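For reference, the structure is listed below as structure tokens.
Numbering (my numbering), first residue to last: 61 to 273.
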């Protein structure tokens with residue numbers, strides 16, 4: 061649910077608070093959400109104590125999709141100069157709430173990063189915002205390599221660890237629920253593709269002080 065004030069420019073958090081709600085109450089209802097990729101596949105996500113599962117709209121084998129998904133509150137990719145590319149639909153939705161004019165994601169999380177069709181990002185300034193964990197940063201490395209020669213520019217930014225609660229992976233949803241802004245994202249310099257796990261940026265640090273090209 062997206063709330064907007066048309067009289068006093070109150071923030072979404074202020075409106076939710078006046079209704080006795082928290083920001084997280086505006087996300088998936090009962091841990092369930094439906095995301096339409098527009099090519100006959102609907103992804104249904106259930107989040108609970110045992111984690112997340114993704115299922116197709118109908119019983120049977122999950123059809124693969126390579127299409128990028130964009131939240132309803134985001135402009136279309138072809139209409140944007142800058143695209144914030146997140147890891148997961150909930151993260152893309154949070155980036156749009158945080159003010160990204162265009163946010164997008166791909167199906168399958170870190171496991172689907174090589175299947176995603178990135179041609180829609182040709183000539184765009186792409187800001188990759190992965191979950192702030194090792195799999196997320198490795199996915200960002202893969203995306204950076206794949207976007208070379210496609211995107212106009214590629215940078216990687218992450219949510220500072222202080223916005224997590226020790227359980228979450230410090231993604232855009234954590235930043236939005238904590239009342240942060242896009243300006244709170246910190247740049248990351250990714251290691252070379254051949255670097256080992258020990259070279260990945262420290263999740264607990266204060267930023268890497270640069271942007272990956």
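Even glycine gets a Cβ: it sits at the ideal position worked out from N, Cα and C. Predicted, not measured: the structure shown is a model, and the values here were computed from it.
- As the crow flies, the alpha-carbon of residue 144 is around 20 angstroms from that of residue 194.
- The C-beta separation of residue 200 from residue 210 comes to about 15 angstroms, leaving the pair out of contact by the 8 angstroms criterion.
- In the assembly as shown, residue 151 is a buried residue. Its beta-carbon has 16 or more other beta-carbons within 10 Å.
- Unbroken beta strand (DSSP E) stretches of 3 residues or longer found wholly inside the region 173-241: 185-189, 213-218, given in chain order.
- Annotated as proximal: residue 248 and residue 216, with beta-carbon spacing under 8 angstroms.
- Distance from the Cα of residue 141 is smallest, within the candidate group 96, 205, 184, for 184.
- The residue among 177, 245, 203 with its C-alpha nearest the C-alpha of residue 219 is 245.
- For residue 170, the three-state secondary structure derived from DSSP is helix.
- Spanning the alpha carbons of residue 65 and residue 75 requires a straight line of approximately 8 angstroms.
- The C-alpha of residue 68 is placed about 28 angstroms away from the C-alpha of residue 130.
- DSSP places residue 78 within a helical segment (H, G or I) once states are collapsed to three.
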